[in-house]
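Asker:
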Amino acid sequence: MNFSEVFKQTNQLCKVSPDGKYLATCVQYRLVVRDVSTLQILQLYTCLDQVSHMEWSSDSLFILCAMYNRGLVQVWSLEQPDWHCKIDEGSIGLVSSRWSPDGRHILNTTEFHLRVTVWSLCTKAVSYIKHPKACQKGDRDGRYLALAERRDCKDYVCVFVCDDWHLLRHFETETQDLAGLEWSPNGCVLAVWDSCLEYKVLLYSLDGRLLSTYSAYEWSLGVKSVSWSPSSQFLAIGSYDEKVRILNHITWKKIAQFEHPAILDSTKTVYKEVEKRPAVGSDEMSLHSITIGTTLFNTQSKYEISPLPVQIPVVKPDPDRANPKIGISALAFSSDSRYLATKNGGFQVQSLNWHCSGDSVILLGKEQLCLCYMDTDQEDK
Amino acid sequence: MGPLIFRHLSLSSFGLPPVWTAGGGSELNIVAVLNCMYDLIQLHRRGLRTLENMEVEQLKSNSNVDFLQLSTTRLKEQLEISKRENTGLLERERQLQLKVKSLQNCLKNEKEEVQKLQNVIASRASQYNHEMKRKEREFNKLKERLNQLLVDKKEKKQAIDVLNNIGRADGKRSLWKTEKTEAKHEGEMYKTLLSDYDTRQRELQLENAELRKVLQQMKKDMVSILSSRKQAAKDVLPTLLNFIQAASEEEDEVFDSSKDSVELYCVHAREKLTNSIRLQWRRLKSHVERLDSQAQTSESKTADAVPRETHEEEMDRLKLEIQQCKDFIQAQQQLLQQQLSSPCDEETASLLSDCYMLQEKERLGDEWKTLEEQRKIFERERRNFTEAAIRLSHERKAFEEERATWLKHQFLNLSPFSDSKKPSLSKSKSAFLICECLFLFPSLSEPPSCVPLTSPSTADLYRTLCLIPEDRYGLDLNF
Numbered sequence: 001m002n003f004s005e006v007f008k009q010t011n012q013l014c015k016v017s018p019d020g021k022y023l024a025t026c027v028q029y030r031l032v033v034r035d036v037s038t039l040q041i042l043q044l045y046t047c048l049d050q051v052s053h054m055e056w057s058s059d060s061l062f063i064l065c066a067m068y069n070r071g072l073v074q075v076w077s078l079e080q081p082d083w084h085c086k087i088d089e090g091s092i093g094l095v096s097s098r099w100s101p102d103g104r105h106i107l108n109t110t111e112f113h114l115r116v117t118v119w120s121l122c123t124k125a126v127s128y129i130k131h132p133k134a135c136q137k138g139d140r141d142g143r144y145l146a147l148a149e150r151r152d153c154k155d156y157v158c159v160f161v162c163d164d165w166h167l168l169r170h171f172e173t174e175t176q177d178l179a180g181l182e183w184s185p186n187g188c189v190l191a192v193w194d195s196c197l198e199y200k201v202l203l204y205s206l207d208g209r210l211l212s213t214y215s216a217y218e219w220s221l222g223v224k225s226v227s228w229s230p231s232s233q234f235l236a237i238g239s240y241d242e243k244v245r246i247l248n249h250i251t252w253k254k255i256a257q258f259e260h261p262a263i264l265d266s267t268k269t270v271y272k273e274v275e276k277r278p279a280v281g282s283d284e285m286s287l288h289s290i291t292i293g294t295t296l297f298n299t300q301s302k303y304e305i306s307p308l309p310v311q312i313p314v315v316k317p318d319p320d321r322a323n324p325k326i327g328i329s330a331l332a333f334s335s336d337s338r339y340l341a342t343k344n345g346g347f348q349v350q351s352l353n354w355h356c357s358g359d360s361v362i363l364l365g366k367e368q369l370c371l372c373y374m375d376t377d378q379e380d381k
Numbered sequence: 001m002g003p004l005i006f007r008h009l010s011l012s013s014f015g016l017p018p019v020w021t022a023g024g025g026s027e028l029n030i031v032a033v034l035n036c037m038y039d040l041i042q043l044h045r046r047g048l049r050t051l052e053n054m055e056v057e058q059l060k061s062n063s064n065v066d067f068l069q070l071s072t073t074r075l076k077e078q079l080e081i082s083k084r085e086n087t088g089l090l091e092r093e094r095q096l097q098l099k100v101k102s103l104q105n106c107l108k109n110e111k112e113e114v115q116k117l118q119n120v121i122a123s124r125a126s127q128y129n130h131e132m133k134r135k136e137r138e139f140n141k142l143k144e145r146l147n148q149l150l151v152d153k154k155e156k157k158q159a160i161d162v163l164n165n166i167g168r169a170d171g172k173r174s175l176w177k178t179e180k181t182e183a184k185h186e187g188e189m190y191k192t193l194l195s196d197y198d199t200r201q202r203e204l205q206l207e208n209a210e211l212r213k214v215l216q217q218m219k220k221d222m223v224s225i226l227s228s229r230k231q232a233a234k235d236v237l238p239t240l241l242n243f244i245q246a247a248s249e250e251e252d253e254v255f256d257s258s259k260d261s262v263e264l265y266c267v268h269a270r271e272k273l274t275n276s277i278r279l280q281w282r283r284l285k286s287h288v289e290r291l292d293s294q295a296q297t298s299e300s301k302t303a304d305a306v307p308r309e310t311h312e313e314e315m316d317r318l319k320l321e322i323q324q325c326k327d328f329i330q331a332q333q334q335l336l337q338q339q340l341s342s343p344c345d346e347e348t349a350s351l352l353s354d355c356y357m358l359q360e361k362e363r364l365g366d367e368w369k370t371l372e373e374q375r376k377i378f379e380r381e382r383r384n385f386t387e388a389a390i391r392l393s394h395e396r397k398a399f400e401e402e403r404a405t406w407l408k409h410q411f412l413n414l415s416p417f418s419d420s421k422k423p424s425l426s427k428s429k430s431a432f433l434i435c436e437c438l439f440l441f442p443s444l445s446e447p448p449s450c451v452p453l454t455s456p457s458t459a460d461l462y463r464t465l466c467l468i469p470e471d472r473y474g475l476d477l478n479f
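The listed protein sequences correspond, in order, to chains U and A.
Under the UniProt record's numbering, the first residue of the first sequence is numbered 1, with each subsequent residue one higher.
Under the UniProt record's numbering, the first residue of the second sequence is numbered 1, with each subsequent residue one higher.
(1) In the DSSP assignment, find the unbroken beta strand (DSSP E) run with E218(U) in it and report its ends.
(2) Less than 8 Å between the CB atoms is what I'm expecting for C162(U) and E149(U), so what's the real figure, rounded?
(3) Exposed or buried, what is D133(U) when buried is set at 16 or more other beta-carbons lying within 10 Å of its beta-carbon?
(4) Just verifying my parser: in three-state terms, what is the DSSP assignment at R209(U)?
(5) Indicate the three-state DSSP secondary structure (helix, strand or coil) for R137(A) in the structure shown.
(6) Take every Cβ of the segment 188–197 of chain U, pair it with every Cβ of the segment 219–236 of chain U, and state whether three or more of those distances are shorter than 8 Å.
(7) From R34(U), L13(U), P81(U) and S58(U), pick the residue whose C-alpha is nearest to that of A66(U); which is it?
(8) Using beta carbons (cut-off 7 Å, strictly below), is E89(U) in contact with chain A?
(9) Residue ranges of each beta strand (DSSP E) run of no fewer than 3 residues wholly in the segment 173–209 of chain U, ordered along the chain?
(10) Using only alpha-carbon positions, find the residue among E85(A), N86(A), T274(A) and N164(A) that is nearest to K124(U).
(11) In the structure shown, what three-state DSSP assignment does M222(A) receive?
(12) Using a Cβ cut-off of 9 Å, pull out every chain A residue sitting near D207(U), in sequence order please.
(13) Thinking S52(U) and Y68(U) are a contact (beta carbons under 8 Å), I'd like their distance in whole angstroms, please.
(14) When the Cα of Y240(U) is compared with those of N248(U), H260(U), I250(U) and A256(U), which residue comes out closest?
(15) How long is the line joining the alpha carbons of S227(U) and G90(U), rounded to whole angstroms?
(16) Check the DSSP bridge columns for F171(U) and list the partner residues they point to.
(17) Taking the CB atoms as reference points, tell me whether G208(U) and F171(U) lie closer together than 7 Å.
(18) Can you pull the chain A neighbours of I92(U), defined as C-beta to C-beta under 8 Å?
(19) CB Q233(U) to CB E198(U), shorter than 7 Å?
(20) Note down, in chain order, every chain U residue with its Cβ under 7 Å from the Cβ of V162(A).
(21) For Q201(A), would you say it is in contact with chain U, using Cβ-to-Cβ distances shorter than 7 Å as the test?
(22) Do T110(U) and I87(U) come within 7 Å of each other at the CB atom, strictly closer than that value?
(23) Check whether the Cβ of K213(A) lies closer than 6 Å to any heavy atom of the ligand MG, and answer yes or no.
(24) Give, in chain order, every unbroken run of the beta strand (DSSP E) that is at least 3 residues long and sits entirely within the segment 71–105 of chain U.
(25) Name the DSSP bridge partner or partners of K371(A)?
(26) Anything in chain U within Cβ reach of V120(A), meaning under 7 Å, just list it in chain order.
(27) Consult DSSP for T342(U) and reduce its assignment to one of helix, strand or coil.
(28) Check the Cβ-Cβ distances between F112(U) and every residue of chain A, and say whether any is below 7 Å.
(29) In the structure shown, what three-state DSSP assignment does H53(U) receive?
(30) At least one CB of chain U closer than 7 Å to the CB of N165(A): is that the case?
(31) To which residues does DSSP link D161(A) through a beta bridge?
(32) Please name the residues in the segment 136–150 of chain A whose beta-carbon is closer than 8 Å to at least one beta-carbon of chain U, in chain order.
(33) Taking the alpha carbon of W252(U) as the reference point, which residue from K200(U), G238(U), K15(U) and L211(U) has its own alpha carbon closest?
(34) Which residues in chain A have a C-beta closer than 9 Å to the C-beta of C65(U)? List them in chain order.
(35) I106(U) and W119(U): beta carbons closer than 7 Å?
(36) Between A332(U) and L352(U), is the Cβ-Cβ spacing less than 7 Å?
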């Protein structure tokens, strides 16, 4: 494996464009766009202040740079470097700024979540969405945007058509306090889950009908993370009890459950399911025995296959603090739905990303990263 | 005197003074006698008294003994009772101990649950507190901001500053918001949902078809197994099995007639299939269970032990055979190895390589020799034959000329007189005969001398030898 030279970045703002050709990084108030293969600088833009958030548009033509403390958003074009766009939220403040799924509208959430302003780059029109909650997700194809709303102590979901921001559906959800929503990759089902005080996952169809409810247990802390499989067949729910439960898309009932015990006796369990789809394997992606030195390039980091049984070092979180660092915090399906990578506990892994071929997964830590390759016969950790 | 002496003796045995003094004569001392009598009576009375006393004593002791016996039996019964009570109490104690243990377990579980619930409550409480604090902080910030906004007159408005409008992502022009567009959006949404349901339904259909195939296959297998077992079964139940088999075959027939998969989609056919599968499976299960029980009880029965023995014998025989074959193969392999790897010199090598073929080669050589001889003979004969053929052609040419002249002669001498032909006839005839002989006797090198001429006429000769077609001389040769 070869490593390139080290580039500077701030705020972990470093993203590859959706079409995979460019790499954008933010250094203080500058935006640097490089070519992915040669890493040569193609464009250099200067923003007005330190960039807090940076995002590519879905068609990889525009980049959004948000400066939350100034309440400014600047949009840059790759094709036309002279083109500029600046959105000033004024005194109302800016808390979050996102692209819409179609890549032509920008959704700015004002301070205190008072409202979401939808700015259109095509027509300079402005729309407002009131009472938003902090979760809004666009579907994969970019046609619809689902936004959570809280009005009169009740949660609602608004589904907008991104073309003209027409409100397609507005329905109430049976949650106490909606914590997140996620579109299925085929765009037909919306998974909605409650805050961690209650384990409740609701599945709504695109037209607002409630398809099913799933609740594994009561009272203990509930859902921590949710992820759809790329084929829309499975929904993986990771919870605070250190278990991953997988629901199937036909009956919305649990078909598999994976545990993360502190002592591992069998590293591979393969579940062959009734529908004769490819087998789903569960990998305990916790890092077993890593020897990492202090400097980045002088380390001899080595992975061993530890003999079973293996005791994973567990740090018991402080029970008095909120949002304890236990439970499944990250889930990632591989692209062919064969593998599920999960992160349990307080390991310093910030993200899990699969390669599009489904053969390897990247674990990104705060300072290190590691690549795991899936062998067909055994795992190489 | 005798009785007196006797008495005297007995008195002394009683310890009484003698009745009379020695040498006193036979006068009885009456006083002494009276005393003795009195003593005797006293003694007697004393004896009676002691007897009475002893009887009383005996009675007393008898009653004592009875009393003791009664008391022992009573005490034994009491002992029994108390022993039983003891065991009863022990049993109760044991049960109570068990109960105590289970209650302790329950208590432990309850305590654990209580602990868990307390943890849950604690985490929920901390979560709520956290949320509260967060909301309070946000509220405070909101209040401050509101204050700031009310105080701060200069309000910055929202604004967007774009160099130029960019086109839409899909390149089309945006439409006005009308009912039609709304309806179109609804339509598109429903279309998406429908297509998704369609794909799902198709997939499920495919899966269903496969599963149905598998079930039917299973049913067929089960039926075949059951029917084959029926023949091998030694139960008294074959008649019953027959009946069941017939019934199931009927069912199969009815079922197989509707083999078209489209018809299987209706609920009744589906139910039929699943029910028949269940039935067959139950039969198979019961049969297997029966076989198992048979196998278990067959150790005592010799009738069933025999097949097992034969089975084992068979297995042993087969194993032995396998071993033999393996050994054979091993030996072969070894020999082959030896063959390939043995280091011997050229001559022996060539000899060894030839020795298998030696006999064949010799035979071949002999045959070759005979063939050669035959070939030579044939060569010779062919040569002779060609020579003869050449000679024959010459002679034929000569004969042809002769015949031509003879015919000319004949034609010219055509007259009623037919006497002068004989000498030339004989010559031509001889020529014919020569040809004939040559053809018939190729090995003879020389034409033989004239052969008797009582052979068939010239015409016949011609015809047989096929030398001349008949037509040309048809008019001449009728003689």
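All residues carry an ideal CB built from backbone N, CA and C; glycine is no exception.
Answerer: Inspection of the coordinates gives the following:
(1) Looking at the DSSP string, E218(U) is not in any beta strand (DSSP E), and its letter there is neither H nor E.
(2) The Cβ separation is near 17 Å, so there is no contact.
(3) Rather than Asp, the amino acid found at residue 133(U) in this sequence is Lys. Classification of K133(U): buried, given that the 10 Å Cβ count is 16 or more.
(4) coil
(5) helix
(6) yes
(7) L13(U)
(8) yes
(9) 178–183, 189–194 and 201–205
(10) N164(A)
(11) helix
(12) E186, M189, Y190 and L193
(13) 4 Å
(14) H260(U)
(15) 36 Å
(16) V157(U)
(17) yes
(18) Q158
(19) no
(20) C85, L121 and K124
(21) no
(22) no
(23) The ligand content of the structure shown is nil, which means the ligand MG is not present either.
(24) 72–77, 84–88 and 96–99
(25) Note on residue identity: the sequence assigns Leu, not Lys, to residue 371(A). None; L371(A) has no bridge partner.
(26) W219 and S220
(27) strand
(28) yes
(29) strand
(30) yes
(31) K86(U)
(32) E138, K141, L142, R145 and L149
(33) L211(U)
(34) Near C65(U) there are no residues of chain A at all, since even the closest Cβ is about 15 Å away, more than 9 Å.
(35) yes
(36) yes
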